[in-house]
Structures are given as structure tokens and as C-alpha cells.
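S.K.: Dropping a structure here in C-alpha cells format, bear with me for questions.
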Amino acid sequence: MKAGSRLERLLERGEFAVTAEIGPPKGAGSKGVRNNASLLKDAVDAMNITDNQTAVVRLCSMAGAVHVLQCGGEPVMQITCRDRNRIAIQSDVLGAASLGIKNILCLTGDHQSFGNHPGARNVFDLDSIQLIAILKGMRDDKKFQCGEEMKVEPRLFIGCAENPFADPFEFRVARLQKKAAAGADFVQTQAVFDLERFEQFMAEVRKQGLHEKIAILAGVIPVKSSGALKYMSTVPGLMIPDYLLKRMKEAANPEQEGVTLCVELIEKLRRVEGVRGVHIMAVYWESMVPTIVERAGLMPRPRVEVEQAG
Amino acid sequence: MIVAERKPMADIKDMLAGRKNVLIVGCSECVTVCQAGGEKEVAVMAAALRLMRETDGDPIAVETETVTRQCDPEYLEPLQKKVAACDCILSMGCGVGVQFLAEKFTATWVVPALNTRFAGGTVEAGVWEERCGLCGECVLHLTGGICPVIRCSKSLLNGPCGGSQGGKCEVGKGEIKCAWQLIYDRLKGLGRLDLLLQPMPPKDWSRAKDGGPRRTAREDAQL
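Chains as they are written, first to last, in numbering that gives the first Met the number 0: chain A, 0 to 309; chain B, 0 to 222.
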């Protein structure tokens with residue numbers, strides 16, 4: 000056991016894992032994130048707390064993760080390389096581990112030009128693959144990136160993301176392979192809409208035996224409206240098949256249809272060999288997650304004995 | 000100008016391992032002035048390569064050419080014939096030159112002989128220093144013509160940090176002048192210390208490399 004987190008234990012036991020995403024607020028209030036954490040804690044195995052996603056300033060992921068812990072949930076703290084260099088990031092990792100955070104997800108981070116401070120300088124001292132390797136080195140070798148040793152290492156279950164829908168397609172599996180080799184224990188993929196493309200990706204993953212080296216959680220996004228799905232079809236790195244756009248457009252009750260589509264997709268993803276869980280990204284719609292998990296037949300969530308934070 | 004310096008010969012040798020016909024391409028602009036990749040350096044490189052490979056019992060055929068500007072496709076056109084006869088181009092231009100060569104000769108392997116270091120100038124014979132941070136939004140009118148963006152180790156815009164001592168920056172073992180000491184002295188001499196009292200707001204880094212690769216297009220200069 001690397002970190003002994005609930006997510007790690009369940010995956011190790013061969014359970015089909017369910018994670019979800021919580022976006023922290025654009026303010027110092029804790030109510031929203033705590034409400035969401037309380038709402039989701041029995042419906043999912045772990046909750047990702049995003050790190051200033053899309054480069055918009057929000058309550059930091061470490062504080063968000065602590066709120067989740069205090070509400071009885073298990074956080075996956077996201078770290079991006081955009082805003083902090085290797086000194087700040089390693090310091091944050093120590094801090095997070097000391098507060099009982101056991102899952103950390105390593106991301107490069109969205110470019111600041113997409114956020115609310117487009118004039119900000121970016122850091123990108125590291126990229127996600129380097130970050131994974133540093134976290135692994137801290138955990139397994141008790142060493143900082145510079146090679147210096149530490150007394151108490153952070154016990155972490157290390158996550159990463161990968162996008163099977165971005166280009167060049169052939170390089171995506173290689174990139175996941177690099178992340179697994181760098182030390183990632185699990186991956187949450189970009190949202191799947193195009194199952195055919197995802198199956199192609201997974202076929203290559205299986206060919207290389209990657210699904211045995213890293214736990215793959217397929218990402219899904221429930222959509223509320225036809226307009227939202229249409230917008231997503233314009234986002235680079237997302238692929239939305241036409242039949243889905245059509246179904247949403249013709250739906251009498253788009254919210255209900257969005258949930259149904261998401262549930263159907265989860266059921267299909269469960270049958271894809273090598274997929275060991277789903278990651279539900281219900282952006283601004285966190286309250287719908289328990290319904291989706293229930294309807295997908297994934298309730299109740301299995302229980303585990305999680306050791307207390309040291 | 001862009002200031003570059005030659006990579007260690009061992010690195011260049013590694014990059015050319017297995018190659019039998021190399022074309023060394025120099026550039027008559029910046030890298031000639033900073034004595035890293037002009038005609039003279041190309042000749043020295045050619046001789047060194049031949050000798051090194053000869054000594055290793057693995058001789059290499061070397062052709063040379065120094066163009067007016069590697070960063071201008073029209074000056075690369077005449078290289079066609081020599082490129083067709085080689086199995087590798089060793090560019091002695093800056094990073095821009097290497098890329099223009101690679102874009103022009105898509106079927107040929109191109110490797111860099113230089114490390115491209117900075118935008119700067121000659122401060123004394125054989126010494127070049129950085130002067131411009133290429134931030135895309137010049138502030139030199141506010142700082143007495145001395146750039147804090149690149150000459151201050153922290154790129155501070157509102158005066159020196161606590162590490163300025165005796166005119167020197169705490170970084171660089173006493174070799175770096177404190178940019179803000181220089182700015183202060185110059186503005187004082189010009190009677191414009193008032194400029195230093197104006198707080199400078201956070202900079203818009205989207206105009207620098209932080210905003211992604213940059214491009215300038217001028218309609219009046221286009222055909």
C-alpha cells in the first residue's frame with residue numbers, strides 16, 4: 000500500500016471506482032465546497048478538488064481538500080504546474096500530506112490566457128510528467144527533486160490525467176505510458192463522449208499492457224443542455240459525436256436526457272476492458288452526481304477501513 | 000543582436016554520430032558579430048570536425064557555406080544543391096536559423112552547433128551582455144533606459160529588493176550590477192527621481208512569451 004487512501008484500497012481490491020470533481024468557489028466562503036463534499040461523500044470514493052481550473056482564481060485546492068476531509072470525504076488534491084515552481088509545489092505536497100491528504104493528481108495546467116488573469120506570467124517550471132516523477136521520488140526515495148533527503152516522506156497515491164481525444168492520437172498512449180513509467184498510480188481521462196475513439200485508445204493501451212500498470216478511470220461529463228454540449232464540441236480536445244448532439248437537441252427534457260446519456264455511457268465504459276472506474280465531472284452540477292451514480296447501478300459505494308491520518 | 004555560443008565539441012560530435020556528409024551553415028548576422036557562427040567559426044568547425052573524425056578512424060566529408068541570414072528563406076534557397084548532397088546540416092546560426100533551415104529542407108536532418116543565449120550587445124572586446132527581455136511592452140521610458148525586466152534577477156518593476164548591496168545584485172557572485180541601482184543613479188543624474196515614486200502595476204505578460212508564440216504582421220509590408 001502506497002498511501003492507504005480509500006481510492007487506492009478500492010482499486011487494489013478490484014472494485015470499480017467512482018470519483019467526482021468539485022470546483023472550489025471564487026471567494027473565501029467554504030459553504031459551497033462543504034455542501035458538495037457532504038452531498039457526495041457517500042456517492043463517490045474520492046472527490047477531486049481542482050487547482051484554479053481554466054486559470055481562474057479560486058479557493059486553493061489544498062484548502063478545498065481539507066474541507067472535504069473535515070466533511071468526512073476523501074479528497075484528490077489537484078496540482079498544476081502553471082502557477083508554482085518546484086520549490087512551492089514540493090512544499091505544498093509536504094503540507095498536504097501533513098494535513099492527511101493522500102491522493103494528489105498531477106497536471107500541467109490550463110494556460111493563463113484562458114482564465115481571468117490573462118496578463119499573468121506563467122511558471123511551467125515543471126510539466127505534469129516531471130511532477131509525477133518528483134512526487135514518486137519524494138514518496139519512494141524520500142528525496143526532493145534536488146536529491147536532498149527528507150525525514151518523513153509524504154505517502155501519496157499519485158494521479159494524472161490523459162486526453163485520448165487530443166492530437167496526435169498516436170502519441171496519447173505513449174504519453175500515458177510515460178506517465179505510468181514516471182510513477183502515476185491512476186489516471187482520470189478527459190471526458191469521453193466518443194466511445195469508438197476511446198475504445199481505439201483502450202485497445203492500444205491493452206496492447207501495451209498499460210492497463211495493468213496504471214488504474215484507468217474514464218472521465219464523463221453530464222450535460223444540462225443542448226447548448227452546453229454544442230459549446231463543448233468546439234473545445235479543443237473534446238470530441239462530441241453528432242448523434243449525441245442530435246439526441247440532446249431533440250430532448251423534451253434536456254437535463255433528464257443529459258443524465259440518461261451519462262448513465263448509459265458509464266454502463267458502456269464499465270464493459271470496456273481495462274477501465275477500472277469513472278470520474279464524473281459535473282461542472283456546476285455536483286448535486287446531480289448521486290443520482291447518476293445510483294442510476295448507473297454503482298450504489299452503495301463499497302466501504303473500506305481507512306487508517307487515520309498521522 | 001542575438002548572442003550565442005558554441006556547444007561543447009563533444010556534444011556536436013555526438014549529434015553527428017553516424018553521419019558521413021555534413022554541411023555546416025554559418026550566418027553573417029548576429030552570430031558573426033558575437034563570434035560564434037560566422038564564416039571564420041565555420042572554417043574552424045570544419046577543420047576540427049575533419050580532424051576529430053579522422054583521428055577516430057571514421058572520416059566525415061564536410062562542406063561549408065555561410066549565408067547572409069539564416070532567418071530569411073530567400074537566402075537559404077541557393078543551398079539546395081549542397082543540401083541534396085549531404086546527410087546532415089550543422090547550423091551555426093541561432094535557434095531561429097536552425098528552425099528556418101529545418102522548415103526549408105524538410106527531408107534533411109538539421110542539428111544546432113550553438114546554444115542561443117540572449118538578446119544583448121558587446122560591452123568590451125569578447126564580452127557580451129544581455130540587455131532585452133523581449134517582454135513585448137517596453138518600459139525603458141520609465142526606467143531611464145535601463146531594463147529591469149531582464150537586468151534585475153527578479154524582474155522587479157518597483158525598485159530594488161533587499162539583496163542590492165554596493166551596486167551589486169545578490170545573485171551571480173558580484174558579477175551582476177543591480178539594475179535598480181543603475182536606474183536610480185541615472186534618474187538621479189537626470190533629475191527624474193520622481194519617476195521612481197510612481198508605482199508600476201503588474202505587467203501584462205501576455206505580450207511576452209507567456210502569451211504563447213508571438214507573431215507580428217504589418218499590412219503595409221506585405222505583398
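Glycine is no exception: its CB is placed at the ideal position from the N, C-alpha and C atoms.
(1) Take F192 (chain A) as the anchor and find which of A:V262, A:A202, A:V172 and A:F156 has the nearest alpha-carbon.
(2) Which value, in whole angstroms, describes the spacing of the CA atoms of A101 (chain B) and W108 (chain B)?
(3) Please report how far the alpha carbon of R150 (chain B) lies from the alpha carbon of E129 (chain B), in whole angstroms.
(4) Could you check the C-alpha separation between K25 (chain A) and P301 (chain A) for me, to the nearest Å?
(5) Rounded to whole angstroms, how far is the Cβ of L216 (chain A) from the Cβ of F185 (chain A), which I believe are closer than 8 Å?
(6) For a contact meaning CB atoms closer than 8 Å, what does D209 (chain B) contact in chain A?
(7) Would you identify the three-state DSSP class for A165 (chain A), choosing helix, strand or coil?
(8) Which term fits E20 (chain A), buried or exposed, when burial requires 16 or more other beta carbons within 10 angstroms of its beta carbon?
(9) From the DSSP output, which residues share a beta bridge with W127 (chain B)?
(10) Helix, strand or coil for G236 (chain A), going by three-state DSSP, please let me know.
(11) Does DSSP classify M91 (chain B) as helix, strand or coil?
(12) Out of A:D82, A:R246 and A:A2, which one is the CA nearest neighbour of F123 (chain A)?
(13) According to DSSP, V30 (chain B) sits in a beta bridge with which residue or residues?
(14) Please report the distance separating the alpha-carbon of V24 (chain B) from that of Q98 (chain B).
(15) What first and last residue would you give for the beta strand (DSSP E) that runs through F185 (chain A)?
(16) Kindly list the residues whose CB is nearer than 6 Å to the CB of C134 (chain B), restricted to its own chain and excluding five residues on each side of it in sequence; keep chain order.
(17) With a floor of 4 residues, list each alpha helix (DSSP H) that falls wholly inside the region 42-116 of chain B, ordered by position along the chain.
(18) Spell out whether any CB of chain A is found under 8 Å from the CB atom of S205 (chain B).
(19) Beta-carbon separation of K101 (chain A) and F156 (chain A) under 8 Å?
(20) Does the beta-carbon of D50 (chain A) have 16 or more other beta-carbons within 10 angstroms, so that it is buried, or is it exposed?
(21) Which residues does DSSP list as the beta-bridge partners of I265 (chain A)?
(22) Which stretch, first to last residue, makes up the beta strand (DSSP E) that contains H278 (chain A)?
(23) Can you give me the C-alpha to C-alpha distance between A308 (chain A) and N47 (chain A), rounded to a whole angstrom?
(24) Please report the straight-line C-alpha distance between E272 (chain A) and Q187 (chain A), rounded to a whole angstrom.
(25) What first and last residue would you give for the alpha helix (DSSP H) that runs through A220 (chain B)?
(26) How long is the line joining the alpha carbons of A95 (chain A) and E285 (chain A), rounded to whole angstroms?
M.R.: So, from the listed chains and residues:
(1) A:V262
(2) Taking the straight line from one Cα to the other gives about 7 Å.
(3) C-alpha separation (whole angstroms): 7 Å.
(4) 33 Å
(5) Contact annotation, L216 (chain A) with F185 (chain A): C-beta distance approximately 6 Å; criterion of less than 8 Å satisfied.
(6) Q111, A119, R120 and N121
(7) If DSSP states are grouped into helix, strand and coil, A165 (chain A) belongs with coil.
(8) Under this definition E20 (chain A) is a buried residue.
(9) B:T121
(10) coil
(11) coil
(12) A:D82
(13) When DSSP reads this structure, V30 (chain B) sits in no beta bridge, so it has no partner.
(14) 12 Å
(15) For F185 (chain A), the uninterrupted beta strand (DSSP E) run begins and ends at F185 to A190, by DSSP.
(16) V148 and A207
(17) 72-75, 79-84 and 94-103
(18) yes
(19) yes
(20) Buried, since its Cβ has 16 or more Cβ neighbours within 10 Å.
(21) Per DSSP, none; premise fails for I265 (chain A).
(22) V274 to I279
(23) At A308 (chain A) the pLDDT is 47, less than 50, meaning the model places this residue with poor confidence; the figure from the coordinates comes in the next sentence. When rounded, the distance between both Cα atoms is 18 Å.
(24) Taking C-alpha positions only, E272 (chain A) is separated from Q187 (chain A) by approximately 16 Å.
(25) A220 (chain B) -> no alpha helix (DSSP H), and no H or E assigned at all.
(26) 24 Å
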